[in-house]
Every structure is written in structure tokens, then in C-alpha cells.
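Novice:
In this note's numbering, the protein residues as written are 521 to 820.
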């Protein structure tokens, strides 16, 4: 049996299976993943680590032990600069039974001109965080547009189905009218040309009915593709939705041009993204100005 798709079930199915919806959701995930990678740049990272263990027999029969280990970690500071810690140790001291404190070095490099300042140093992190916010807004805006698009397609299919039903009724009525006219012609109550006109009218209504079938089937196949359903899948639509809409009527929308413009500039997520990207551009000018300064760093 054909599957009955209500409007609510259609929306749920579209969210789960539509490829465009999945692509936009993956874009949001990838943007958040990029932010994680940027934050990792400001975490402690192991730059290098090694350990060598060696034993050698001397010509006199003695055994020499040559072993060492070293490690280095660094951290990019949000206030600007880099902190590095290095440890080196000669393990032969431990093997000989004479333990000593290993060599431990801390190094701080802080820019004083180019790249100086917390705003400049953390610009990549700030931009990555803002890009995630932009992608969230973009996805939320897409969700609304996608839902409206699916609902419109569903209602268009219902309207085409109603048009198909009317075309069929008109076609059957034309058949009945043509048969009636032919009967009147045989009885001598009507002229021959009236029968030809009735037959031509029946043929035109048949063409209109066939065209309505093709249009409805094409739109239905496109709708199945949007829902990621097989084209051979049988589906039925809930035509009660049209009756509900007719009972609802057209509610008034008390919004003037000025009010609508102000609401759009405040509430539309895509416009908010454009405004905030303009603020990003002004911040980028400040960063570019810093890049024109010479390199001068304090190293301790």
C-alpha cells in the first residue's frame, strides 16, 4: 500500500534524509572542528621528546653507559609571545648511582612591536570563534528557509492534485456532453457541427487532463528526490491540509514597510552576519597596520 505522508512527517523525513540539509549540518560541524584546532594552537604542545640508551664494552673489558633523554614543550600565549620549557638529562648519572638534578630551561619570547598586544596575538582565535557563530546563524537561517520550502512544495503538490481532480471531472463531463449531443443529432434535434464541436471540446479537455497528470507526476518525483525516497515508492498526500487552510483564511499582517525593514535588520540572521563581518574587516585593518611594524621581541 502507498505510504501516507502528513505534513509533519514530511518535515521530519526531509530533515533526516535531504542531502542539502545534511551538507549544511556537516559544514557547521567542520567549522566547530576548525575552532577546536585553533584553540589547540594555544595549548601546551610537545615539540620534541627523545631518549637514547647505550652500552659499550671498552678494550679493557669495562662497560661504559651512554644514555640521555630530552623533551621540549611550548605554549602560544594569548597575550602575545611563546613560552618554551626544555629538559635535558644525562641518564648515565643514574646508572652510575650518582643522581643529579636534570637541566631544565624556560624560554619566553614576547613581541614588543609587530604582533604585540593581546588583541593581535589572539586574532586567529577570535576570528575562529566568530566564524562558528556565523555558521550557526547561517545554519539556523537555512533551517527556516528549508522548512518553508518543504511546506510550499507540499502545498503545491496538493494544489496540483486538486487541479488534476478538476481536470478529470471536466473531462468526464465533456464525454457526457458529447454523447448527449450525438444522441440529439441522431434524433434530428441538433446540427452535425454541434456534435463536432462537442467532440473537439472533449479532446481539448482530455489533453488538459493528461497534461495535469504529467505535471503532478513530475512534481511528485522531484518531491521524492528531495525527501531521498525511491522514485518507485508509492506515497499519498494528506489533502485535509487544504481544508484546514481554507478554514483558517488569510490572517492580517499588521507590518508596514518601515517596521518590516527594522525587524529584518534586527532579526534576520544573514543580515547580522553581514554586519558582524564588517566589524571583522575593521579589526583586520588594525592587524594589518601592526604587520607594518618591525620585529622587536623580548627574549628571556
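Think of the CB as a built atom: it goes at the ideal place given N, C-alpha and C, for glycine as much as any other residue.
On the three-state DSSP scale, how would you describe residue 707?
Specialist: By 1-based counting over the chain shown, the position of residue 707 is 187. Reduced to three states, the DSSP call for residue 707 is coil.
Novice: Please specify which runs of the alpha helix (DSSP H), each continuous and at least 4 residues long, are wholly inside the stretch 639–725, giving them in chain order.
Specialist: Whole alpha helix (DSSP H) segments, 4+ residues: 643–706.
Novice: From 623, 638, 624, pick the residue whose C-alpha is nearest to that of residue 630; which is it?
Specialist: Start at 1 with the first residue of the chain shown, and residue 630 comes out as number 110. Nearest of 623, 638, 624 to residue 630, Cα basis: 638.
Novice: Could you pull the DSSP bridge partners for residue 568 from this structure?
Specialist: The residue given as residue 568 occupies position 48 in the chain shown. BP columns for residue 568 point to 592.
Novice: How long is the line joining the alpha carbons of residue 613 and residue 562, rounded to whole angstroms?
Specialist: Position 93 of the chain shown, counted from the start, is the residue given in the question as residue 613. Position 42 of the chain shown, counted from the start, is the residue given in the question as residue 562. Bear in mind that the predicted position of residue 613 carries a pLDDT of just 49, short of 50, making it too unreliable to give a figure here.
Novice: Could you give the first and the last residue of the continuous alpha helix (DSSP H) run that contains residue 626?
Specialist: The residue labelled residue 626 in the question sits at position 106 within the chain shown. Run containing residue 626: none in the alpha helix (DSSP H); it sits in the beta strand (DSSP E), 623–631.
Novice: Please classify residue 819: does DSSP put it in a helix, a strand, or coil?
Specialist: Translated into the one-based positions of the chain shown, residue 819 becomes position 299. Note: residue 819 maps to strand in three-state DSSP.
Novice: Tell me whether residue 569 is buried or exposed, calling it buried when 16 or more other Cβ atoms sit within 10 Å of its Cβ.
Specialist: For the purposes of this step, residue 569 is identified with residue 49 of the chain shown, where counting begins at 1. By the 10 Å Cβ count, residue 569 comes out exposed.
Novice: Do residue 800 and residue 526 have their C-beta atoms within less than 8 angstroms of each other?
Specialist: Position 280 of the chain shown, counting from 1, holds the residue named residue 800. Position 6 of the chain shown, counting from 1, holds the residue named residue 526. No, the Cβ-Cβ distance between residue 800 and residue 526 is not below 8 angstroms.
Novice: Which value, in whole angstroms, describes the spacing of the CA atoms of residue 698 and residue 711?
Specialist: On the chain shown, residue 698 is found 178 positions in, with the first residue counted as 1. On the chain shown, residue 711 is found 191 positions in, with the first residue counted as 1. Rounded to the nearest angstrom, the two C-alpha atoms are 13 angstroms apart.
Novice: Between residue 633 and residue 774, how many whole angstroms is the CB-CB distance? I'm expecting something under 8 angstroms.
Specialist: Counted from its first residue, the chain shown places residue 633 at position 113. Counted from its first residue, the chain shown places residue 774 at position 254. Incorrect: roughly 58 angstroms between the Cβ atoms, too far for contact.
Novice: Specify the secondary structure class of residue 728 as computed by DSSP and reduced to three states.
Specialist: Counting from one through the chain shown, the residue named residue 728 turns up at place 208. Looking at residue 728 - three-state DSSP - the assignment turns out to be helix.
Novice: For residue 755, report the span of its alpha helix (DSSP H) as first-last.
Specialist: Start at 1 with the first residue of the chain shown, and residue 755 comes out as number 235. It is not in any alpha helix (DSSP H) - residue 755 instead sits in the beta strand (DSSP E) that spans 755–757.
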